[in-house]
Amino acid sequence: MAAAALMAATAPPTATQRLCTRRRPLPGSNMNTKPRILVIGAGPAGLGAAARLLERSGSNIELTVMHGAEPGKEEYEPGGQRVVGFYHNLKGLMKRAGIDLDTTLLDMGSAGHMLDPVSKQLHTIDGASAFDVAKQSVTLPTLGITERQNLDRIMSEAYLLTLRGTDALKACDEQSFSAWCMERGMLPQMAHNLPILRLFRDAYFNYPGGISAYHLLQSCRLMGGLSLENAKQSALPADATSTIWNPITAYVRRMGGTFLPYSNATDWHYEGHHITGVEVTRTDPAGHPLAMARPHRAIPLQDTGRRIYRDFDYVLSALPVAAFCNMNRGQQAWWESGFFNRLAHLPSATSISMTVITRKPVGQFQGPVFGLPAPLGSCTNMTPYWRRYRDDPEVGAVLVFSGQTRGYEHWSDDDITNFTLDNFSAVNGFGNIRDADILQLRMQRNVAEHLRQFDCEPGVQTFRPGNRTPFHNLFLAGDWVRNAVDVVCTEGAITSGQEAADQLLRHMNSYDHARFQRSVSV
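Numbering of the sequence shown is given in this note's numbering, commencing with residue 243 and proceeding in unit increments.
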């Protein structure tokens, strides 16, 4: 027993013990009673968190937002961003920031146009309610009566399951939606080719990979209802930066928030249970204005200017999952700890988009055309919405293609371009894109870590964290963090940011910030 006790006393600390040892007093701590809060990241999660913190605390806090670039440098971003009906938190924030929703959100209708994988024909789906649209979108025109009945039974079960709420759906996360359907008697060929499945796999950048049954069913639950209100999609008259994020940034500034542009967080510094500093490298403003901020490579960093930023009491990280998981990569203790080791299992995807502007009309469909081969299997004609082009007689069509590059990383831009143009031009009724006289073609592969998308493949729910971390003053936000919406979308990011802000404020108020300041001061 004595030997065992001696060995236990002298054994090196575990990774968890090294992360959570009792901390020493912080040098140079702020003795003001006004808490200093640092938000890292100025995307949807970061701006949602910053606005919520200031809305609920006002002049009682000092808030700084650190981000890697200066917003507002590009008028038309790739991807054709849109706002879905269930984006209630985003729309509420937009209204508080002074954005006129009536002129900013342009109704795209409810129609979609799916490619039947058998007949190679486009079939339009539309309806009076979200459930009506869903019923149409799972129907393959080539199915026989027995197959249709089988499909109807399984999809009715899925619909009833969504009515039971999020907790009932989480048990489905370990399976792909295809496997969930086959478990209930659907033939494999049907399960893998369901148009509704392909639609969501394209929308969440999962195709050609699988999508979590939980994620798809939760999406259906959020968009459900007796009307199309929660499912309808709205386009923007220009890019999301100028129409949404710049006004919200100005709103945060009006409430007293400050911004630190061109600051790239690379590592955390910590003592015990507290984050004491953020190691920062200044990104190169000359090398990546926003118009170049989505390169095939990482954002360029300046050779000099690395520093440790310590001017905060609390920090809220709104970094994307790939960027967060690249911090402290050289610290074995950090990534061997139970909490952070789980995060290393969270996958991300490289999205890709291509915008083609033609002189003559082509692809004249309202709503998305989807179901074509990867990597760019979905297309939306943005001509009626983008104000720069909708009244220009010299422009016939603005086609925005989107997808992700898994399995196609070795393809060149020319390979992807020609493959996509050939596939869509061969669809009956779409028209030949090359014959429409291409005026401009632009492709973006979003490989940089801060632009990679969280990938909702089967089984990821186990590894997703909440807003709290082992560090008392570090909170997390992002669509990869568990939240009330819980799907990969802008609304999930906004909601997570607001929930993280609420958690931080509750912790700060219950902990007694003045006592916290005394406890960490020399």
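All C-beta atoms, glycine included, are put in the ideal place defined by N, C-alpha and C.
Per DSSP, reduced to three states, the secondary structure at residue 749 is helical.
Residue 437 is classed as buried because its beta carbon has at least 16 other beta carbons within 10 Å across all chains shown. Taking C-beta separations shorter than 8 Å and ignoring five residues to either side along the sequence, the partners of residue 605 in its chain run 611, 621, 623, 639, 641, 666, 672, 673, 675, following chain order. The criterion of a C-beta distance shorter than 8 Å is satisfied by residue 645 and residue 594. Residue environment for residue 277: buried (at least 16 other C-beta atoms within 10 angstroms of its C-beta).
For residue 465 against residue 328, the beta-carbon gap comes to about 6 Å, under 8 Å, which counts as contact. In its chain, beyond the 5 residues on either side, no residue has a beta carbon closer than 7 Å to the beta carbon of residue 496.
Collapsing the DSSP output to three states places residue 513 in a strand. CA-to-CA, the gap between residue 616 and residue 548 works out to about 41 Å.
Rounded to the nearest whole angstrom, the CA to CA distance from residue 344 to residue 477 is 12 Å.
Taking a contact as a CB-CB distance under 8 Å, the pair residue 591 and residue 283 does not count as one, their CB atoms being some 19 Å apart. Within the segment 643-722, the complete alpha helix (DSSP H) segments at least 4 residues long are 655-667, listed from N- to C-terminus. The three-state secondary structure of residue 564, taken from DSSP, is helix. Residue 724 sits in coil when the DSSP states are folded into three classes, being neither helix nor strand. At a Cβ-Cβ threshold of 8 Å, residue 336 and residue 556 do not count as neighbours.
Under the criterion of beta carbons closer than 8 Å, residue 737 and residue 472 do not qualify as touching, at roughly 15 Å. Of all alpha-carbon atoms in 719, 714, 724, 746, the one lying nearest the alpha-carbon of residue 514 is that of 714. In terms of Cβ geometry, residue 505 and residue 309 form a close pair [threshold 8 Å]. Two segments are said to touch when three or more pairs of C-beta atoms, one from each, lie closer than 8 Å; by this definition the segment 684-691 does not touch the segment 478-489. If you draw a straight line from the Cα of residue 454 to the Cα of residue 416, it comes to about 7 Å. When secondary structure is reduced to three states using DSSP, residue 599 falls in the strand class. Here residue 591 carries a strand assignment [DSSP, helix/strand/coil].
If the five residues before and after residue 730 are omitted, its C-beta is found closer than 6 Å to the C-beta atoms of 446, 696, 698, 721, all from its own chain and listed in chain order. Using a C-beta cut-off of 8 Å, the segment 558-573 makes contact with the segment 287-307, since at least three inter-stretch Cβ pairs fall below that distance. The alpha-carbon separation between residue 679 and residue 636 amounts to approximately 11 Å.
By the neighbour-count criterion, in which a residue is buried when 16 or more other Cβ atoms sit within 10 angstroms of its Cβ, residue 333 is buried. For residue 556, the enclosing beta strand (DSSP E) starts and ends at 556-559.
DSSP places residue 457 inside the alpha helix (DSSP H), whose first and last residues are 455-465.
In the DSSP secondary-structure assignment, residue 549 is bridged to 522. CA-to-CA, the gap between residue 450 and residue 628 works out to about 30 Å. Taking a 10 Å sphere around the C-beta of residue 550, we find fewer than 16 other C-beta atoms and assign the residue as exposed.
The straight-line gap separating the alpha-carbon atoms of residue 425 and residue 525 is approximately 50 Å.
Taking a 10 Å sphere around the C-beta of residue 362, we find fewer than 16 other C-beta atoms and assign the residue as exposed. The shortest CA-to-CA distance from residue 619 to any of 658, 704, 353, 583 is the one to 658. Under the three-state reduction of DSSP output, residue 640 falls in the strand class. Under the three-state reduction of DSSP output, residue 336 falls in the helix class.
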